[in-house]
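Enquirer: Numbering (this note's numbering), first residue to last: 1 to 290.
Glycine included, every Cβ here is placed at the ideal spot set by N, Cα and C.
Let me give you the structure first, and then I'll get to my questions.
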Amino acid sequence: MRLNPFNTDNIQVGTTGGGRRMPGGRGGGIGCGTIVIAAIAYFVFGADPFQTAATIGGMQDGSAPQQQTAGSNENEQAICDFNAYAAETCSALDSLNQTWAQVFAEQGVQFQQPTLKFATSQRFNTACGPGSVNMGPFYCPGDQTIYIDVGFYDQLAQMAGDRGDFARLYVVAHEYGHHIQTITGIAQQIRSAQQQNPRASNQLQVLMELQADCYAGVWAGKNRNLIEAGDVEEGMRAASSIGDDTLQRRAGQRVNPEGFTHGTSDQRMQALRLGMQGNDRQCDEITALR
1 MRLNPFNTDN IQVGTTGGGR RMPGGRGGGI GCGTIVIAAI AYFVFGADPF QTAATIGGMQ
61 DGSAPQQQTA GSNENEQAIC DFNAYAAETC SALDSLNQTW AQVFAEQGVQ FQQPTLKFAT
121 SQRFNTACGP GSVNMGPFYC PGDQTIYIDV GFYDQLAQMA GDRGDFARLY VVAHEYGHHI
181 QTITGIAQQI RSAQQQNPRA SNQLQVLMEL QADCYAGVWA GKNRNLIEAG DVEEGMRAAS
241 SIGDDTLQRR AGQRVNPEGF THGTSDQRMQ ALRLGMQGND RQCDEITALR
């Protein structure tokens, strides 16, 4: 995807502190959302993917708020220029900000940018609780921040053998979708519905994730002039490879819909394809509470 170079005036970027240098910078990978992190944790670190997904899901719920620590007086240009992955992520953030700011302006709604923080320490605090590089990319609604360890992309490339850039951008756009849900109030509505009907909690969580996939597609659809040959196919392969049913099979487990948190491969592809039509209102229908 031919992204324009980032402009630090258009983005809010920082690090988690701790002084660890950001890894990565070559190659790439595929994946989207926290269930991917669960799969990576299983194949790379030997962790239970579904326990990992539940942990990250709790963070996205905004539970257990803690004091966040952030670097002060950081040089945003230097952070984004650190390596190819960082620059690509900052450029994606810039494009996402511009795209969604225009969508909100057209609808007469105030827009608020998220913050992006690169993980530069093994463990760090967020407003949603303790974070770790092993969690991979995630969004915390408590501080409206996307957290990314760029080394995640190397792990994905090693596991999946795919170095396409569009799927990496899909990761950022999906987490950005959770930010859209937060500032529009959709996330709070879903959390309230989950509290009122705990038995439907997983089903509602799936709808949240599918809507984030759809919002990722909206960004791509509104920037079709930047999409290159093969990008859409990369995105669809990514969506297909990270469905709950596919991940359960890879883990040697029986497909169990009650354990779904992000939707099936078909559902994720459909959500991304729907968003690529460029109409965010269609994404709103995914989580419409009737």
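1. By Cβ distance below 6 Å, which residues in the same chain neighbour F111 in space, the five residues on each side in sequence not counted?
2. If you run the structure through DSSP and keep just helix, strand and coil, what is N83?
3. Can the beta-carbon of L96 be found less than 7 Å from the beta-carbon of W219?
4. What residue from A212, V171 and T120 has the CA that sits closest to G17's CA?
5. So L204 is in the alpha helix (DSSP H); what residue range does that whole segment cover?
6. Just to confirm, are H174 and A127 a CB contact at a threshold of 7 Å?
7. Which term fits C283, buried or exposed, when burial requires 16 or more other beta carbons within 10 angstroms of its beta carbon?
8. Could you check which residue in Q122, N134, P114 and Q12 has the C-alpha nearest to that of E76?
9. Exposed or buried, which one is N225 when buried takes at least 16 other CB atoms within 10 Å?
10. Do the CB positions of L169 and C214 come within less than 7 Å of each other?
11. Using the C-alpha atoms, what's the distance from C80 back to C90?
12. Is A167 buried or exposed, if buried means 16 or more other CB atoms sit within 10 Å of its CB?
13. Inspect the beta-carbon positions of Q211 and T264 and report whether they are closer than 7 Å.
14. Distance cutoff 7 Å, beta carbons only. Does C80 sit that close to anything in chain B?
15. Check whether the Cβ atoms of V172 and D149 lie closer than 7 Å to each other.
16. Are the CB atoms of P137 and T182 nearer to each other than 7 Å?
Expert: Straight from the coordinates:
1. A101 and F104
2. coil
3. yes
4. T120
5. S201 to G221
6. no
7. buried
8. Q12
9. exposed
10. no
11. 6 Å
12. buried
13. no
14. Chain labels in this structure do not include chain B; a single protein chain is all it has.
15. no
16. no
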